[in-house]
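Chemist: As you go down the protein sequences, you meet chains A and B in turn. Positions 165 to 478 (this note's numbering) are the ones given, in order, by the first sequence. Positions 424 to 696 (this note's numbering) are the ones given, in order, by the second sequence. I'd like to ask some things about the structure below.
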Amino acid sequence: MIVEITGLTKIFRDKQQSVTAVDSIDLSVGQGELFGLLGPNGAGKTTTIGICTTRTLPTSGKVRIAGIDVVAHPAIARRNIGVVPQFNTLDRSLTIFENLYFHCKYFGFSGAEARERANALLKQFLLLERAKSFPSQLSGGLQQRIQIARAIAHRPAVLFLDEPSAGLDPQSRIAMWDAVRGLRAEGITVVLTTHYMEEADELCDRVAIIDHGKVLALDSPERLKTTLGANTRIELALHSSDSMQALTERLRSLPKVHSVEPMPGGLRLFAQRIDGLLPELVQAAQSHGVRDISINEPSLETVFIRLTGRDLRE
Amino acid sequence: MSSGTVAHTQGRVSYVGAFAGLMLRDLRVLRREIGPFVVRIIMQPLLFLFVFTFLFPRIGQMGALGGAIFATVLLPGLMAVAIMFSGIAAVALPLSQEFGITREIDDRVMCPLPVAAVAAEKVVFSAIQSILAALLVLPLAIWVPATPVYAHVASWPMLIATLILASLVAGALGLAIGSNVRPQQIGLVFSIVVVPITFLGCVYYPWAALYQIRWLQVLVLANPIVYMSEGLRTALTPGIPHMPSLYVLLALVVSLAVLGTIGLRGFLKKVIS
């Protein structure tokens with residue numbers, strides 16, 4: 165295991181109140197895994213990452229990164245940790261190349277090694293022509309990409325990405341996703357936090373759904389969606405609306421169909437899975453003239469609502 | 424032996440490399456801004472010397488300013504101010520910005536070093552800049568005045584010890600300000616801390632001359648700039664009354680410990696929650 169979190173609790177205390185940001189969390193992330201912490205703002209994701217990356221001290225519990233206790237040996241643990249925090253921390257006084265070069269120097273690379281590694285990263289992240297630019301001259305999306313390149317420059321065992329797509333335009337977000345997928349191909353373990361369910365769904369091998377400092381569910385996005393009863397939504401647009409009652413009954417009797425309800429110009433079905441279901445649907449509805457079928461895959465959003473009774477953005 | 428212990432032993436070795444990396448980074452940034460750095464250091468003392476030690480004697484304004492020895496009094500004083508301002512400019516201003524606004528120090532905090540060493544690096548690098556600043560002011564203070572300056576190195580060990588200690592104290596002062604003051608309040612700190620300790624730092628007059636205003640003479644003993652000025656006076660202008668070397672060095676060490684502790688506490692509080 166690269167990341168082992170056991171019984172982790174963090175209580176922030178001040179004069180007026182104490183807030184439990186993280187409430188006895190247990191998690192472990194294996195080598196090469198792309199792991200997501202999904203939850204609304206204030207769920208405790210950033211605090212958890214803060215503890216894992218030696219920046220926040222836990223109230224109780226342990227975190228080991230590549231076997232090293234981050235509280236007992238923070239300076240050593242940091243050699244195995246790469247971080248891209250929520251805010252842009254690029255060194256504004258240094259060029260893009262120097263940001264990478266000096267980061268390598270901080271981790272004990274020789275001058276030649278650091279130069280070689282910086283150039284290799286510029287090439288890998290398609291930043292070669294930007295080498296001599298300063299961070300302020302680049303777009304937010306590019307700066308984010310440089311932050312990722314810098315965070316993995318010292319070849320950490322695990323990369324932590326805190327809300328990596330916050331503040332990025334859709335195009336930069338897709339480019340960032342590609343960069344993160346590229347890391348998986350290299351075998352780098354990645355832990356990311358997000359409150360965008362499509363990001364967790366799209367990128368992660370496993371997702372922990374977190375709310376109020378607790379892990380509510382933990383599995384692959386696929387399994388979370390199926391086991392937690394999220395349904396695929398199928399909308400059938402029909403030409404004829406005669407004898408709808410009979411059709412509704414017939415569709416409801418199909419084994420995978422969960423429920424059927426009328427909608428303007430057709431019917432809406434909720435089904436557990438759709439493999440093999442479509443031909444049966446089309447056949448059953450044939451006499452009513454099928455105009456269109458639209459399918460909405462189950463999403464982590466519906467899972468989250470089911471678990472907490474509220475929307476992720478609330 | 425647990426894996427932690429093994430890692431620990433390897434870690435010690437890499438601390439030196441990481442510290443050197445931080446120093447190289449700062450050196451690169453300084454080299455890029457060497458022009459503004461020099462201008463920033465010499466403008467204030469140059470104009471000060473020009474007006475008070477070149478212009479005034481020529482337009483007959485000498486009497487009010489301590490007479491013929493004024494230029495000699497000023498030489499160590501202006502070096503002390505240059506040392507102190509370098510500490511503020513090299514540590515306090517950037518650090519306050521980085522903590523309050525840009526957060527760019529995060530990457531350096533995440534390097535494989537104890538966090539205290541990252542703060543110490545700031546102080547050490549600032550001390551190097553302070554020493555450069557003092558050495559830049561020295562020729563100005565000798566050549567600009569119209570009246571003679573009676574300076575020679577009375578004690579090399581005292582000069583070197585004072586320069587190094589005073590420069591570290593300046594860096595520690597910068598750390599204490601930079602990690603405890605929000606960027607919006609830096610201007611205010613200038614008015615209520617930096618300006619008073621400069622004017623009451625025995626920069627423009629020797630400490631011994633304050634004997635006529637006893638309460639002030641005692642009060643200024645809490646001001647570390649006093650020991651910077653007096654230490655340099657001991658080493659460079661022994662003809663002017665000055666404090667004993669031992670007191671100066673002792674006070675500088677105490678200042679370093681106090682300001683260093685305040686600075687380090689603030690720094691740790693800012694980077695670890």
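By construction, the Cβ of each residue, glycine as well, lies at the ideal position given by its N, Cα and C atoms. None of the values given here were measured: they were computed from a predicted structure.
So, helix, strand or coil for A:SER274, using DSSP?
Modeler: Reading the first sequence from its first residue, position 110 is the one you call residue 274 of chain A. Coil, per DSSP.
Chemist: According to a CB-to-CB cut-off of less than 7 angstroms, which residues of the segment 440-465 of chain B neighbour chain A?
Modeler: Those residues of the segment 440-465 of chain B that come within reach of chain A (Cβ to Cβ, closer than 7 angstroms) are GLY440, ALA441, GLY444, LEU445, LEU447, ARG448, ARG451 and VAL452.
Chemist: Can you tell me the Cβ-Cβ gap for B:ILE620 and B:ILE600, rounded? I've got them flagged as a contact below 8 angstroms.
Modeler: Here the question's residue 620 of chain B lines up with position 197 in the second sequence. Here the question's residue 600 of chain B lines up with position 177 in the second sequence. That belief does not hold up - the Cβ atoms of B:ILE620 and B:ILE600 are roughly 11 angstroms apart, past 8 angstroms.
Chemist: Identify every residue that forms a DSSP beta bridge with B:MET533.
Modeler: Indexing the second sequence from 1 puts residue 533 of chain B at position 110. According to DSSP, which records beta bridges pairwise, B:MET533 is partnered with nothing at all.
Chemist: Can you pull the chain A neighbours of B:LEU536, defined as C-beta to C-beta under 9 angstroms?
Modeler: On the second sequence, position 113 is the one that residue 536 of chain B refers to. Those within 9 angstroms of B:LEU536 in chain A are ALA239, ARG242 and TYR270.
Chemist: Drop a sphere of 10 angstroms on the beta-carbon of A:GLY304, count the other beta-carbons inside from all chains shown, and report buried for 16 or more, exposed for fewer.
Modeler: Reading the first sequence from its first residue, position 140 is the one you call residue 304 of chain A. Answer is exposed; the Cβ neighbour count stays below 16.
Chemist: Terminal residues of the continuous beta strand (DSSP E) containing B:THR684?
Modeler: Translated into positions along the second sequence, residue 684 of chain B becomes position 261. First-last for B:THR684: 668-694, but that is the alpha helix (DSSP H), not the beta strand (DSSP E).
Chemist: Considering Cα atoms alone, identify which of A:GLY196, A:LEU471, A:HIS267 and A:VAL354 is closest to A:GLU380.
Modeler: For the purposes of this step, residue 380 of chain A is taken as the residue at position 216 of the first sequence. Looking at the sequence shown, residue 380 of chain A is not Glu but Leu. Here the closest residue by C-alpha is A:LEU471.
Chemist: Output, in chain order, the set of chain B residues within a Cβ distance shorter than 9 angstroms of A:PHE298.
Modeler: Position 134 of the first sequence holds residue 298 of chain A. Per Cβ cutoff of 9 angstroms: no residues; A:PHE298 is ~10 angstroms from chain B at best.
Chemist: Going by DSSP, name the residue or residues bridged to A:LYS378.
Modeler: Counting from one through the first sequence, the residue named residue 378 of chain A turns up at place 214. In the DSSP output, where bridge partners are listed per residue, A:LYS378 has A:ASP375.
Chemist: Is A:THR173 helix, strand or coil when you go by DSSP?
Modeler: Taking the first residue of the first sequence as 1, we reach residue 173 of chain A at position 9. A:THR173: strand per DSSP, three-state reduction.
Chemist: Quick one: which residues of the segment 531-562 of chain B get their C-beta closer than 9 angstroms to a C-beta of chain A? List them in chain order.
Modeler: Hits within the stretch, in order: ARG531, VAL532, MET533, CYS534, PRO535, LEU536, PRO537, VAL538 and ALA540.
Chemist: Using DSSP with H/G/I as helix, E/B as strand and the rest coil, what is B:PRO647?
Modeler: Residue mapping note: residue 647 of chain B aligns to position 224 of the second sequence, counting from 1. Here B:PRO647 sits in helix by DSSP.
Chemist: When you compare the CB of B:ARG526 with every CB in chain A, is at least one pair closer than 7 angstroms?
Modeler: Within the second sequence, numbered from 1, the residue matching residue 526 of chain B stands at position 103. It does: the Cβ of B:ARG526 has a partner Cβ on chain A nearer than 7 angstroms.
Chemist: According to a CB-to-CB cut-off of less than 9 angstroms, which residues of the segment 247-262 of chain A neighbour chain B?
Modeler: Hits within the stretch, in order: VAL247, PRO249, PHE251, ASN252, THR253, LEU254, ASP255, ARG256, SER257, LEU258 and GLU262.
Chemist: For a contact defined as C-beta to C-beta under 9 angstroms, what are the partners of A:LEU221 on chain B?
Modeler: The sequence position of residue 221 of chain A within the first sequence is 57, counting from 1. Per Cβ cutoff of 9 angstroms: ILE695 and SER696.
Chemist: Going by C-alpha distance, which of B:VAL547, B:ARG605, B:ALA574 and B:ILE457 is nearest B:ILE587?
Modeler: As a position in the second sequence, residue 587 of chain B is number 164, starting the count at 1. Closest option to B:ILE587, Cα to Cα, is B:VAL547.
Chemist: Taking all protein chains shown into account, do 16 or more other C-beta atoms lie within 10 angstroms of the C-beta of A:MET340, making it buried, or fewer, making it exposed?
Modeler: Position 176 of the first sequence holds residue 340 of chain A. By the 10 Å Cβ count, A:MET340 comes out buried.
Chemist: If you follow the alpha helix (DSSP H) that A:ARG345 is in, where does it begin and where does it stop?
Modeler: Within the first sequence, residue 345 of chain A is the residue found at index 181, counting from 1. Taken as a continuous stretch (DSSP letters only), the alpha helix (DSSP H) holding A:ARG345 covers 334-349.
Chemist: Give the residues of chain B in contact with A:GLY214, contact being defined as C-beta atoms less than 8 angstroms apart.
Modeler: For the purposes of this step, residue 214 of chain A is identified with residue 50 of the first sequence, where counting begins at 1. Under the 8 angstroms cutoff, chain B gives SER696.
Chemist: Is it right to say A:PRO334 is buried, meaning 16 or more other beta carbons lie within 10 angstroms of its own, or is it exposed?
Modeler: Walking along the first sequence from the start, residue 334 of chain A turns up at place 170. With fewer than 16 other Cβ atoms within 10 Å, it is exposed.
Chemist: So that I know if they touch, is there some Cβ in chain A lying closer than 7 angstroms to that of B:SER590?
Modeler: For the purposes of this step, residue 590 of chain B is taken as the residue at position 167 of the second sequence. Closer than 7 angstroms: no.
Chemist: Per the DSSP calculation, A:ARG432 is bridged to which residue(s)?
Modeler: Position 268 of the first sequence, counted from the first residue, corresponds to residue 432 of chain A. In the DSSP output, where bridge partners are listed per residue, A:ARG432 has A:GLU399 and A:GLU425.
Chemist: With a threshold of 7 angstroms between beta-carbons, can A:PHE266 be considered close to chain B, or not?
Modeler: Counted from its first residue, the first sequence places residue 266 of chain A at position 102. At least one chain B Cβ lies under 7 angstroms of A:PHE266.
Chemist: Taking the alpha-carbon of B:THR657 as reference, which of B:ARG531, B:THR570 and B:VAL576 has the nearest alpha-carbon?
Modeler: One-based indexing of the second sequence puts residue 657 of chain B at position 234. Taking only the C-alpha atoms, the option nearest B:THR657 is B:VAL576.
Chemist: The alpha helix (DSSP H) spanning A:LYS420 covers which residue range?
Modeler: Stepping through the first sequence from its first residue, residue 420 of chain A is reached at position 256. No alpha helix (DSSP H) holds A:LYS420; DSSP gives it neither H nor E.
Chemist: Beta carbon of A:ILE229, beta carbon of A:ILE245: below 7 angstroms?
Modeler: Taking the first residue of the first sequence as 1, we reach residue 229 of chain A at position 65. Taking the first residue of the first sequence as 1, we reach residue 245 of chain A at position 81. For A:ILE229 and A:ILE245, yes; Cβs fall inside 7 angstroms.
Chemist: Would you report the Cα separation of A:GLU399 and A:ARG337, rounded to the nearest angstrom?
Modeler: Residue numbering aside, residue 399 of chain A sits at position 235 when the first sequence is read from its first letter. Residue numbering aside, residue 337 of chain A sits at position 173 when the first sequence is read from its first letter. Rounded to the nearest angstrom, the two C-alpha atoms are 30 angstroms apart.
Chemist: Kindly list, in the order they appear in chain A, the residues whose Cβ is closer than 8 angstroms to that of B:SER437.
Modeler: Counting from 1 along the second sequence, the entry for residue 437 of chain B is found at position 14. Near B:SER437 (Cβ distances below 8 angstroms), the residues of chain A are ARG243, PHE271 and GLY272.
Chemist: Between A:PRO419 and A:VAL247, what straight-line distance do the alpha-carbon atoms span, to the nearest angstrom?
Modeler: For the purposes of this step, residue 419 of chain A is taken as the residue at position 255 of the first sequence. For the purposes of this step, residue 247 of chain A is taken as the residue at position 83 of the first sequence. C-alpha separation (whole angstroms): 48 angstroms.
Chemist: Pull out every residue of the segment 301-317 of chain A whose Cβ sits closer than 8 angstroms to any Cβ of chain B, in chain order.
Modeler: Against chain B - using a Cβ distance shorter than 8 angstroms - the residues of the segment 301-317 of chain A are ARG314.
Chemist: In angstroms, rounded to a whole number, what distance separates the CA positions of A:LYS226 and B:LEU559?
Modeler: Start at 1 with the first residue of the first sequence, and residue 226 of chain A comes out as number 62. Start at 1 with the first residue of the second sequence, and residue 559 of chain B comes out as number 136. If I take the Cα positions, the gap works out to 52 angstroms.
Chemist: So, at 8 angstroms on beta carbons, what are the nonlocal neighbours of A:VAL446 in its own chain, with the 5 sequence-adjacent residues on each side left out?
Modeler: Here residue 446 of chain A corresponds to residue number 282 of the first sequence, with the count starting at 1. Counting only Cβ-Cβ distances below 8 angstroms, and skipping sequence neighbours, we find VAL454 and ILE457.
Chemist: For A:PHE251, does the three-state DSSP call read helix, strand or coil?
Modeler: Reading the first sequence from its first residue, position 87 is the one you call residue 251 of chain A. A:PHE251 falls in the coil class under three-state DSSP.
Chemist: Less than 7 angstroms between the beta carbons of A:ILE166 and A:LEU191, yes or no?
Modeler: As a first step, residue 166 of chain A must be located in the first sequence, where it is residue number 2. As a first step, residue 191 of chain A must be located in the first sequence, where it is residue number 27. No, Cβ-Cβ distance for A:ILE166 and A:LEU191 is not below 7 angstroms.
Chemist: I'd like to know whether the C-beta atoms of B:VAL572 and B:THR495 end up nearer to each other than 7 angstroms.
Modeler: Locating residue 572 of chain B in the second sequence gives position 149, where the first residue counts as 1. Locating residue 495 of chain B in the second sequence gives position 72, where the first residue counts as 1. Contact flag set, yes.
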